[in-house]
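Enquirer: Numbered by my numbering, the letters in the sequence shown go through residues 8 to 332 in order. A virtual CB, placed ideally from N, CA and C, is assigned to each residue, including glycine.
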Amino acid sequence: MAEDLDTDLAIIGAGPTGLFSAYYAGFRGLRVAVVDSLPELGGQITAMYPEKQILDVAGFPSIKGRDLVDGLVEQANTADPAYVLDKTATGLTCTDDDVTITMDDGTRLTAKALLITAGIGKFSPRPLPAGEGWLGRGMEFFVPSFAPYAGKDVVIVGGGDSAFDWAIHLEPVARSITLVHRRDAFRAHERSVQAVRDSTVEIVTKAQVTGLFGEPTVSEVEITIDGQEPVRRPAQAVVAALGFVADLGPLQKWGIEVQKRHIVVDSAMRTNLPRVFAAGDITEYPGKVKLIAVGFGEAATAVNNAAVVIDPSAHVFPGHSSEGT
Ligand SMILES: Cc1cc2nc3c(=O)[nH]c(=O)nc-3n(C[C@H](O)[C@H](O)[C@H](O)COP(=O)(O)OP(=O)(O)OC[C@H]3O[C@@H](n4cnc5c(N)ncnc54)[C@H](O)[C@@H]3O)c2cc1C
């Protein structure tokens, strides 16, 4: 049985907003715990685009997703957070004095306030039907690093930004890249599509990967073009980039006011439940813009207002971090 935890501020979601919130909790002298259903920190950035350059984070004209997460983690770690990873928050009970979150393995986390930075909710990759049982045996949903693909024949399945980005990035590393998509139109950005068309990547459209073969890891895939006989070709790596299924799931049953799958907050990032705040992509209010930069601002607002709920003698304004340095 996992050990129960007790803290001042509990945060659900270790994406950029949750990580910056953890830093801010430390700055306010609060004990903090961060829960995430993914095994790694960084939310959407780590899961979907660690190698992409981000151009609109204040102070960084261009920063690779992975490097932004590394910086956020370093900053968050100054608060010495308790990270509770690979666990999904499934239940919430509130009393006048505290909140308790229950995780899917039964672990309980009690806190004086809760900040929900759950982004688009718990997200899981859309499965490749033929790929069942192949995860970790040559098939992956994410490409966190390129080195494992060196010298391999790689098949990427999908027609969105991730599929095309990974095709562009893996092309110089892999022996060959084949991009398989079930339609002949793509959701990816036109510039990425053109870059792939101009490269050595073979694009196979109106086609599906209908089988994976090999023991213990994949060595061949079967590709079926509409109306044609299936064809097998060598492949030592398959990337299923078919997008994600996001699920707000349990959060919707906690009595929190939700509008179109988002949590309604006021200008202090308060939800309708006492001691429960929200920030980042998950929030909704008139004029909301879903960006990392906006999440950072909301994180600061939420934590500073939560600090007063946790300790009514505290002030909302935290003072300047540069003071005393
Ligand atoms: C391909 C792509 C490119 C992008 N490019 C940019 C860009 O250039 N600039 C920009 O500003 N934004 C960009 N974005 C959007 C940006 O990534 C999001 O705005 C940002 O990640 C939101 O951060 P967040 O911390 O609020 O939520 P998220 O990053 O979504 O993190 C939420 C975390 O909460 C966890 N979680 C959810 N529910 C639970 C639960 N019940 N229990 C436990 N954990 C839970 C999830 O696992 C996740 O890790 C891009 C998004 C994508 C997909």
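Could you name the residues that DSSP lists as bridge partners for F347?
Expert: The first residue shown for the chain is 8 and the last is 332, placing residue 347 beyond what the model contains.
Enquirer: For E305, count neighbouring Cβ atoms within 10 angstroms of its own Cβ and tell me buried if that reaches 16, exposed if not.
Expert: It counts as buried.
Enquirer: Kindly give me the distance between the Cβ atoms of A314 and R35, rounded to whole angstroms, as I take these residues to be in contact under 8 Å.
Expert: Rounded, the Cβ-Cβ distance is 4 Å, consistent with contact.
Enquirer: Would you list the residues sitting across from R240 in a DSSP beta bridge?
Expert: V228
Enquirer: Quick check on DSSP: helix, strand or coil for K59?
Expert: coil
Enquirer: Under the DSSP definition of a beta bridge, which residues are partnered with K71?
Expert: Q60
Enquirer: In the DSSP assignment, find the unbroken alpha helix (DSSP H) run with I123 in it and report its ends.
Expert: In this chain, I123 is not harboured by any alpha helix (DSSP H); it is covered by the beta strand (DSSP E) spanning R115 to I123.
Enquirer: Going by C-alpha to C-alpha distance, which of A285, I317 and G294 sits closest to A22?
Expert: With the sequence shown as reference, residue 22 is identified as Gly, and Ala is not the correct amino acid for it. Nearest of A285, I317 and G294 to G22, Cα basis: A285.
Enquirer: What do you reckon, are the CB atoms on V106 and T100 nearer than 9 Å?
Expert: yes
Enquirer: Taking L26 as the reference, give the member of R282, D77 and L298 with the closest Cα.
Expert: It is D77 whose Cα lies nearest to the Cα of L26.
Enquirer: By DSSP's criteria, E291 is part of a beta bridge. Which residues make up the other side?
Expert: V271
Enquirer: Would you check if the segment 132 to 144 and the segment 294 to 309 touch, i.e. whether three or more CB-CB distances between them fall below 8 Å?
Expert: no
Enquirer: Between A253 and G128, which are expected to be in contact by the criterion C-beta below 8 Å, what is the C-beta distance as a whole number of angstroms?
Expert: 5 Å between Cβ atoms; contact.
Enquirer: On the premise that R190 lies in contact with T212, defined as a C-beta separation below 8 Å, what is that separation, rounded to the nearest angstrom?
Expert: 7 Å
Enquirer: Once you ignore the five residues that flank L92 on each side, which residues in its own chain have a CB closer than 6 Å to its CB?
Expert: D43 and P46
Enquirer: Measure from the alpha carbon of K71 to the alpha carbon of each residue in L122, A65, P257 and I52, then state which is nearest.
Expert: I52
Enquirer: Can you tell me which of the three DSSP states L16 falls into?
Expert: strand
Enquirer: Any chance the CB of G304 is under 8 Å from a heavy atom of ligand 1?
Expert: Checking the Cβ of G304 against ligand 1 gives no.
Enquirer: When the Cα atoms are used, what is the spatial distance from A137 to T217?
Expert: Roughly 5 Å between the two C-alpha positions.
Enquirer: Alpha carbon to alpha carbon, how far is L177 from D15?
Expert: Each residue's Cα considered, the two are about 44 Å apart.
Enquirer: Helix, strand or coil for L298? Go by DSSP, reduced to three states.
Expert: coil
Enquirer: Buried or exposed for G326, going by 16 or more other Cβ atoms inside 10 Å?
Expert: G326 comes out exposed.
Enquirer: Confirm the yes/no value for this check: CB of V64, any heavy atom of ligand 1, distance under 8 Å.
Expert: Shortest gap from the CB of V64 to any heavy atom of ligand 1: under 8 Å.
Enquirer: Between the alpha carbons of A118 and L62, how many angstroms are there, rounded?
Expert: 36 Å
Enquirer: Using the rule of at least 16 other Cβ atoms within 10 Å of the residue's Cβ for burial, across every protein chain shown, is A248 buried or exposed?
Expert: The residue is buried, with at least 16 neighbouring Cβ atoms inside 10 Å.
Enquirer: Across the segment 156 to 163 and the segment 231 to 244, are there enough close Cβ pairs to call them in contact, namely three or more that are closer than 8 Å?
Expert: Output reads yes: the segment 231 to 244 touches the segment 156 to 163.
Enquirer: Are A32 and I18 touching if we call contact CB-CB under 9 Å?
Expert: Cβ atoms of A32 and I18: closer than 9 Å.
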